[in-house]
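These notes concern the structure reproduced below.
2 protein chains.
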Amino acid sequence: MDRLASIKSFVRTVETGSFSAVARELQTTQPTISKQIAALEDYLDVQLLTRSTRKLKLTEAGEQFYSHCQAILDTVDAAEASVGKRQQPSGLLRINCPITFGQRIIIPRLKAFLAQYPQIEVDLMLSDRIINLVEDGVDLAIRIGNNSDQSLIAQPIGTTRVNTMAAASYLEEHGEPQSPQELADHNCITYTQLAKPNEWNYQSKSNDPCVVKVNGNLKVDSSVAICQAVLSGLGIALAPTWLCCDDISQGDVKLLFPDYKPNLLPIYAVYRRGRFQPAKITCFIEYLAAEFKLDPWLADESLLPR
Amino acid sequence: MDRLASIKSFVRTVETGSFSAVARELQTTQPTISKQIAALEDYLDVQLLTRSTRKLKLTEAGEQFYSHCQAILDTVDAAEASVGKRQQPSGLLRINCPITFGQRIIIPRLKAFLAQYPQIEVDLMLSDRIINLVEDGVDLAIRIGNNSDQSLIAQPIGTTRVNTMAAASYLEEHGEPQSPQELADHNCITYTQLAKPNEWNYQSKSNDPCVVKVNGNLKVDSSVAICQAVLSGLGIALAPTWLCCDDISQGDVKLLFPDYKPNLLPIYAVYRRGRFQPAKITCFIEYLAAEFKLDPWLADESLLPR
DNA sequence: TATAATTCATTCCAAATCAGAATGAATCGG
DNA sequence: CCGATTCATTCTGATTTGGAATGAATTATA
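Same order as they appear, the protein sequences are chains Y and D.
Going by numbering that gives the first Met the number 0, 12 is the number at position 13 of the first sequence; the sequence numbering is gapless.
Going by numbering that gives the first Met the number 0, 47 is the number at position 48 of the second sequence; the sequence numbering is gapless.
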């Protein structure tokens, strides 16, 4: 029996609560995991998990053992990373990020990254739902806006600017509002995921915050849809500039209210705390941070030309 | 490949400097160790050892890796010890101690110990030479007198009393000296392992230290021989009382100079520092310490009836 | 200097192990 | 009550493993 492999399987089993899930994650089959853990129990001469046909539960001994396991895997990782070829980042890198951000920002940058680090493989998991890094076995998540989970480290790597925007075609047809207050006379596309989708906040460059109530005939719950809707000229939206950055550059979409500050949201690279940091993770974060610094749509505000 | 097994083999290889030695220690064959380490190198993609047909040498990477390995094994040991049946002491316990001490003191006590801990196996290695615990893969050594190696922990578990003694038959034939000074007229058996075999130190109960020069027609380099020589009535010897304790009790051997304090030497249990302490080691030390406390020949001076 | 002994690498073979497919039983959700 | 999912078990084929044998190199010994 390979105790290390068993321990790894055990750890992931505890974290996912399922042999099958671990099997999928480790690219093997459920009987393999089942037998590995049985062998580990046999070796330790103690039961680690109580199994019902559908649920797993840690025994007291299992809890005891689990509390040591992360340390074992970390120590081994550190030892292996300290020598040879493994100093070169390698392995499978599981990334999670919001769907549209992945499509627009991450995927176009993956090719160069993978070319730079030929020994890394990426498994990109797109979801707008906030996932649990531990349960889903994700190495790294990209999150926009503040993060609450204290068991995670959130490293800022860029800034999202949220602006009011509309298609040039829409503005031609309906006229361009000159101040947020005029939005009341326009069709505004609202994002139902927000706490108050119909209240848009503004702050003029002279520092007067104000809230504007908006309305419109289109509410959506995905940023993909916002983008599509704006492009189709369906109305005015408040959205991250990177969502339509190409169209803005080409003049198809126009940013409104240049005299108002954009809302700024930090972009974070989020990863597990207290864990040995594989090189594959840190080098991807560094790559992204460098990329974002060069991209005027994502760079930190302070670095932008005024 | 079982990485943990390979790491263990690697660690022992570094410490012994030989595949064959490790193979003997781990009860396997040399090709097995050779292949394990080759597999580990293959896995890490780096050479750990440079091999000539007869010598092994750590590479830089090997040194790097080795510096992490003890931590790995310790973490794993701690994890395994924290659960289940393994809390009960078990496994192979390698003990080293001086030859006569082993024969007279340790072996007679092993039976009860092994009966108390049926899952422990003992490998007792007797040698008067001071061995290297690490190199020889010894868990625990019993040493008499002070220990110098700072990488080892020496825990006092008893006291050796060194007394002047002779067989009753010898005393009948040659008369019994009444003070150390009279030893000049007797045949004294000297122990050549000491720095000054012919100088015996005495301290009367009124605290006057003195040195006596002795001579005789028998010099020996082993404590077994001293014991035999005394019993055969060959002469007077300065020796640990436990060496002939049965004969002393039976009156065949007599302790001289009751008005002088015996020289006291501490008996230490010596084990490796900074390492996770397997239960098998600590329980043997505790067992011995308890046994010695009950044995008037070995108990600590302060506990003895005056 | 020659011989014996020890060391490590390699090869080969038998035995053990392991991974995966198939199957079955239990449970959960609808 | 049915379909889907979960875990355990069994079986089989493939892989891996461990040990004996061998050979080359080196050291110790005579």
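Glycine included, each C-beta is placed from N, C-alpha and C at the ideal position.
- Here SER203 (chain D) carries a strand assignment [DSSP, helix/strand/coil].
- Shown here, LEU242 (chain D) sits in a helix according to DSSP, grouped into three states.
- Within the same chain, and ignoring the five residues on either side of VAL211 (chain Y) in sequence, the residues whose Cβ sits closer than 6 Å to its Cβ are PRO179, LEU182, TRP199.
- For ILE36 (chain Y), no chain D residue has a C-beta closer than 7 Å to its own C-beta; the minimum C-beta separation is roughly 14 Å.
- Boundaries around VAL211 (chain Y) are those of the beta strand (DSSP E), 208–212, since no alpha helix (DSSP H) includes it.
- CYS187 (chain Y) sits away from GLY144 (chain Y), with the two beta carbons spaced by 9 Å or more.
- At the C-beta level, GLY250 (chain D) and TYR169 (chain D) stay beyond 9 Å of one another.
- Between the alpha carbons of VAL213 (chain Y) and GLN149 (chain Y) lies a gap of roughly 35 Å.
- Distance check between ALA194 (chain Y) and each of Y:ASP246, Y:CYS209, Y:ASP220 places Y:ASP220 closest, using alpha-carbon atoms only.
- At least 9 Å separates the beta-carbon of LEU151 (chain Y) from that of ARG11 (chain Y).
- Considering only beta carbons, the part of the segment 61–80 of chain Y lying closer than 7 Å to chain D consists of GLN63, PHE64, HIS67, CYS68, ALA70, ILE71, THR74, VAL75, ALA77, ALA78, GLU79, in chain order.
- Contact annotation: VAL75 (chain D) and ILE71 (chain Y) have beta-carbon atoms nearer than 9 Å.
- Excluding residues up to 5 positions away in sequence, THR49 lie with their Cβ nearer than 6 Å to the Cβ of LYS56 (chain D) in the same chain.
- Nothing from the segment 282–297 of chain Y brings a Cβ to less than 7 Å from some Cβ of chain D.
- Non-local beta-carbon contacts of ALA77 (chain D) in its own chain, meaning distances under 8 Å to residues more than five positions away in sequence, involve PHE275 in chain order.
- Closer than 8 Å at the C-beta level to chain Y, one finds these residues of the segment 21–45 of chain D: LEU43, ASP44, VAL45.
- Residue Y:PHE283 holds the alpha-carbon nearest to the alpha-carbon of GLN118 (chain Y) among Y:PHE283, Y:THR58, Y:GLU175, Y:PRO257.
- The Cβ-Cβ distance between LEU39 (chain Y) and ARG2 (chain Y) falls below 9 Å.
- In terms of Cβ geometry, ILE106 (chain Y) and ILE141 (chain Y) do not form a close pair [threshold 9 Å].
- Take THR240 (chain D), set aside five residues on each side of it, and the residues of its chain with a beta-carbon closer than 8 Å to its own are THR159, ARG160, VAL161, ASN162, MET164, ILE247, LEU254, PRO261, TRP296, in chain order.
- The three-state reading of DSSP puts GLN154 (chain Y) in strand, counting E and B together.
- At least one C-beta of chain D is nearer than 9 Å to the C-beta of LEU3 (chain Y).
- Within the segment 20–79 of chain D, the runs of alpha helix (DSSP H) that reach at least 4 residues and sit entirely inside it are, in chain order, 29–43.
- For CYS226 (chain Y), DSSP records no beta bridge to any residue.
- For ASP122 (chain D), the pairing in a beta bridge is given by DSSP as D:ARG93.
- Ranked by Cα distance from HIS67 (chain Y), the first of D:GLN63, D:VAL82, D:CYS68, D:LYS54 is D:VAL82.
- Interface flag for LEU48 (chain D) against chain Y is unset, since no Cβ pair is found closer than 9 Å.
- For the segment 232–285 of chain Y, the continuous alpha helix (DSSP H) assignments of 4+ residues that do not extend past its boundaries occur at 244–248, in sequence order.
- Minimum Cα-Cα distance from ILE129 (chain Y) among the listed residues Y:GLN115, Y:PRO97, Y:GLU120 corresponds to Y:PRO97.
- Collapsing the DSSP output to three states places GLU175 (chain Y) in coil.
- With its beta carbon at least 9 Å from every one in chain D, MET124 (chain Y) lies outside the interface.
- Following the DSSP letters along the chain, one finds LEU109 (chain D) inside the alpha helix (DSSP H) bounded by residues 106–115.
- Secondary structure note for THR12 (chain Y): its alpha helix (DSSP H) is the uninterrupted segment 2–15.
- Remark: C-beta atoms of ASP138 (chain D) and LYS7 (chain D) do not approach each other more closely than 9 Å.
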